[in-house]
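Below is one structure, written out as structure tokens, with a few remarks after it.
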Amino acid sequence: MELSHVAIWVTDLDRSLDFYEALGFERSWSFTADGVENVYVSGDGGELQLRHDPDRTTPIAPTRADTDHVALGVEDEAAVEAAVERSRDAGGSVIDGPHVVEPADAYAAFVEDPDGYTLEFVTSLEGDQ
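Per the numbering used here, residue 1366 is the first one in the sequence shown, and the count goes up by one each step.
What follows is the structure, given as structure tokens:
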């Protein structure tokens, strides 16, 4: 079994597409069902489904109680740092800058996308030490 995709609600589809495309994702396909736009963006390892309902009246609240984070694997430590900069340039905010996560033997950073979802950029340090 493999993970197919992660679906997240977004408040502004164009803004979210711009943000994820700045990170290197590409729009792969889309459909509309019951008035909800579903746009898939893909990267090297999978897809994100961006869901947008222009008539939605309830707020989108991706709190840590609901969604902790979406982890995006990158090649190395430099790629983690570059992803953080691309995120910042595209309107994201840094939550926890690049650092070594010793228990996981990884190098990671956490950013927030325009709707408040936490993204982790992570690479394994296995063999690097």
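The beta carbon of each residue, even a glycine, is placed where N, CA and C say it ideally should be.
Strand pairing of residue i, partner residues [DSSP]
i	result
L1388	None; L1388 has no bridge partner.
V1466	A1471
E1477	S1458, T1483
Residue from the options whose Cα sits closest to the Cα of residue i
i	options	result
F1390	Q1414, A1443, F1396	Q1414
T1423	V1406, E1450, W1374, F1475	W1374
I1440	D1480, V1487, E1402	Reading off the sequence shown, one finds Glu at residue 1440, where the question assumed Ile. With distances taken between Cα atoms, E1440 lies closest to V1487.
P1419	V1466, G1400, S1489, V1406	G1400
Rounded separation between residue i and residue j - CA only
i	j	result
I1425	Y1482	10 angstroms
D1478	T1397	23 angstroms
P1473	L1484	It is Ala, not Pro, that sits at residue 1473 in the sequence shown. Rounded to the nearest angstrom, the two C-alpha atoms are 10 angstroms apart.
E1491	S1393	32 angstroms
R1416	A1372	7 angstroms
G1410	R1421	30 angstroms
F1384	V1404	13 angstroms
P1468	L1368	24 angstroms
Completely contained alpha helix (DSSP H) runs for the region 1402–1455, where each covers 4 or more residues: Runs of alpha helix (DSSP H) with 4 or more residues, each lying fully within the region 1402–1455, are found at 1442–1454, listed in chain order.
Contact between the region 1375–1387 and the region 1448–1462 (3+ Cβ pairs under 8 angstroms): The region 1375–1387 vs the region 1448–1462: in contact.
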